[in-house]
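First up is the structure itself, then whatever we jot down about it.
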Amino acid sequence: MPVYVVVGAQWGDEGKGKVCDFLAGAMDLVVRYQGGANAGHTVVFDDRKIVLHQIPSGILSPRARSVIGNGCVVDPVILASEIRELAAAGVHVGPENLIVSQHAHLVTPLHRFLDEKQNGAIGTTGRGIGPCYTDKAQRSGIRLESLMDGSWRGRMREHGSRHEDFYRVVYGVGYIDVEESIRALEPAVALLQPLIGDTAQVVCDAVSTGGSILFEGAQGTFLDLDHGTYPYVTSSTTTVGGAISGGGVYVHFDRRIAVMKAYATRVGEGPFPTELTDETGRRLREVGREYGATTGRARRCGWLDLSMGRRACMINGFDYVVLTKLDCLSGLPVLRAAVGRASDGTPDYVDMEGWDSSIAGVTSFHELPVEARRYVAFIEEYLCVPVGMISTGPSRSDIIIRKEP
Ligand code: GDP
Ligand code: IMO
Ligand code: MG
Numbered sequence: 055m056p057v058y059v060v061v062g063a064q065w066g067d068e069g070k071g072k073v074c075d076f077l078a079g080a081m082d083l084v085v086r087y088q089g090g091a092n093a094g095h096t097v098v099f100d101d102r103k104i105v106l107h108q109i110p111s112g113i114l115s116p117r118a119r120s121v122i123g124n125g126c127v128v129d130p131v132i133l134a135s136e137i138r139e140l141a142a143a144g145v146h147v148g149p150e151n152l153i154v155s156q157h158a159h160l161v162t163p164l165h166r167f168l169d170e171k172q173n174g175a176i177g178t179t180g181r182g183i184g185p186c187y188t189d190k191a192q193r194s195g196i197r198l199e200s201l202m203d204g205s206w207r208g209r210m211r212e213h214g215s216r217h218e219d220f221y222r223v224v225y226g227v228g229y230i231d232v233e234e235s236i237r238a239l240e241p242a243v244a245l246l247q248p249l250i251g252d253t254a255q256v257v258c259d260a261v262s263t264g265g266s267i268l269f270e271g272a273q274g275t276f277l278d279l280d281h282g283t284y285p286y287v288t289s290s291t292t293t294v295g296g297a298i299s300g301g302g303v304y305v306h307f308d309r310r311i312a313v314m315k316a317y318a319t320r321v322g323e324g325p326f327p328t329e330l331t332d333e334t335g336r337r338l339r340e341v342g343r344e345y346g347a348t349t350g351r352a353r354r355c356g357w358l359d360l361s362m363g364r365r366a367c368m369i370n371g372f373d374y375v376v377l378t379k380l381d382c383l384s385g386l387p388v389l390r391a392a393v394g395r396a397s398d399g400t401p402d403y404v405d406m407e408g409w410d411s412s413i414a415g416v417t418s419f420h421e422l423p424v425e426a427r428r429y430v431a432f433i434e435e436y437l438c439v440p441v442g443m444i445s446t447g448p449s450r451s452d453i454i455i456r457k458e459p
């Protein structure tokens, strides 16, 4: 049974939610291995739209069990609201279909507060991700295992006093009331407790019984803490390597799947060589509805950057590309893709002819206009990786399958 890992090839929001939901129907296990509620993975089915932040997109599959792995950071309040949203859509979440690692770290209101205070230069999502991973690396974080025996309350108090001095000196503000934070977390913690388990063992059991497993990456290659556009990155290993450490056990991936948007977007600050600040950029934002699924911020838009794509393939060992949002390029007379850099660092572009007709919802490669097929062919030739699927709309069914993964 196959083991796949799905990773964003750009700066996040490539359509990983849609792709993972599509693949999850045939999976036994879907595993998130890094990040937290900074992710916003949109799944559209039966005219419904659900945005998942921490729960894997596999939760909508009746077959798959979902895992939030040890590499993740978990905000119980946001998790509780995701569970409520899923219940409203008729999807029950309980220990039988969601297991959260005892080694994942708790995101506290204090982490969120610190993130908001510090987020200016990076433009983070304000979800407390950086401060939580900082505490983890500092060996002073709160692991979810402490929710099992109630020791989390004492740890919250230590966590509060540890940050207090820094806090007062740096920000000169009054301290968040820890007792109030504990009270605020209690109901969500009670909901989370029965879901906590040994996810490394769960993944190991699935591997040893030949189960099909999908590792669902969040963010994207160039937001990776090591490989991304540092310091304008997130605080976790978003790339394929992160799936092993953050997912629990060593696995062999039968497919390393890139999700690549047919153009580029980025939310927050940081370099974006192919960014379009003109009418074409605005048009891509409107047609592609490029507004953050987590924060609602307008996403910066630009041309596809294949030189970065090639690097993403190198880092992740991608052997399969899902190209998303090709439908959003319809109507642009000329399409550009960056294939290198000039000596001053500006992108070198290849121009290609665009197409006029709508391709929204097209499910067969041969129905695409010849210009769209050429665009796809150029991408796979440049990357030396096959474009196995092309997404032509937000719904599960808006997909062209050229080659099964
Ligand atoms: P993720 O974070 O990688 O899961 O991506 P997001 O959910 O943040 O953003 C992708 C957005 O594009 C969502 O609103 C999806 O519903 C939508 N989407 C995904 N694939 C396609 C596609 O092929 N065409 C169009 N038009 N929209 C898509
Ligand atoms: P998905 O999984 C797009 C960006 C933030 C900011 C930087 C650091 O939906 O693709 P953080 O809150 O992680 O400390 O912010 O990373 N960022 C994302 N951008 N999609 C995401 O997730 C992102 N998660 C974080 O905008 O620039
Ligand atoms: Mg997103």
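Position 174 of the sequence shown, counting from 1, maps to 228 under this note's numbering, and the rest follow consecutively.
Yeah, the Cβ is synthetic: ideal placement off N, Cα and C, and Gly gets one too.
query, result
"Residues sharing a beta bridge with Tyr403, DSSP", "Ala392"
"Pick from Arg320, Thr400, Ala316, Tyr345 that is closest to Val430, judged by C-alpha positions", "Ala316"
"DSSP three-state assignment for Arg102, whether helix, strand or coil", "strand"
"Close Cβ partners of Thr293 (< 7 Å) along its chain, the five nearest in sequence each way excluded", "Val61, Thr275, Asp278, His281, Ile369, Asn370"
"Inter-stretch contact at 8 Å, needing at least 3 Cβ pairs: the region 144-152 / the region 247-254", "yes"
"Asp231 beta carbon near the ligand MG (any heavy atom closer than 7 Å)", "no"
"Given 8 Å, three or more beta-carbon pairs between the region 94-110 and the region 282-292", "no"
"Residue range of the unbroken beta strand (DSSP E) whose run includes Met81", "Neither: Met81 is in no beta strand (DSSP E) and is coded neither H nor E."
"Integer Cβ distance of Val154 from Gly182, believed to fall under 8 Å", "Incorrect: roughly 17 Å between the Cβ atoms, too far for contact."
"C-beta contact flag for Glu329 and Arg364 at 8 Å", "no"
"Arg309 and Asp373 closer than 8 Å at C-beta", "yes"
"Test item: CB-CB of Thr50 and Thr179 under 8 Å", "With the chain running from 55 to 459 in the structure shown, residue 50 is simply not present."
"heavy atom of the ligand GDP below 7 Å from Arg343 C-beta", "yes"
"At least 3 beta-carbon pairs within less than 8 Å: the region 231-242 vs the region 255-265", "no"
"Beta-carbon spacing of Arg216, Ser200 below 8 Å", "no"
"Distance cut-off 7 Å: Arg181 Cβ against heavy atoms of the ligand IMO", "yes"
"Presumed contact (8 Å Cβ cut-off) between Arg427 and Ala272, rounded CB distance", "Incorrect: roughly 31 Å between the Cβ atoms, too far for contact."
"Spatially closest choice to Gln88 from Ser120, Asn124, Val256, Asp189, by CA coordinates", "Asn124"
"Of the listed residues Arg450, Ile109, Asp67, Asp129, nearest to Ala244 (C-alpha basis)", "Asp129"
"Within the region 87-148, ranges of the alpha helix (DSSP H) (whole runs, at least 4 residues)", "130-142"
"Inter-stretch contact (C-beta, 8 Å, three-pair minimum) for the region 318-329 and the region 297-305", "no"
"N-terminal and C-terminal residue of the alpha helix (DSSP H) that Leu246 is part of", "232-246"
"Alpha carbon of Lys190 to alpha carbon of Gly214, nearest angstrom", "15 Å"
"Test item: CB-CB of Ser384 and Ile413 under 8 Å", "yes"
"8 Å contact criterion, which Gly71 and Val127 should meet: CB distance rounded", "Not a contact, Cβ separation roughly 19 Å."
"Residue range of the alpha helix (DSSP H) that includes Gly184", "183-191"
"For Lys49, the first and last residue of its enclosing beta strand (DSSP E)", "Not covered by the structure: residue 49. The range shown for the chain is 55 to 459."
"The ligand GDP heavy atom lying under 7 Å from the CB of Thr291", "no"
"CA nearest to the CA of Gly346, picked from Gly66, Met362, Arg211, Ala312", "Gly66"
"CB-CB length for Cys74 against Glu270, believed under 8 Å", "5 Å"
"Through-space distance from Pro423 to Cys186, alpha-carbon basis", "48 Å"
"Met362: first and last residue of the uninterrupted alpha helix (DSSP H) it sits in", "360-370"
"Under the three-state DSSP convention, the category Cys438 falls into", "coil"
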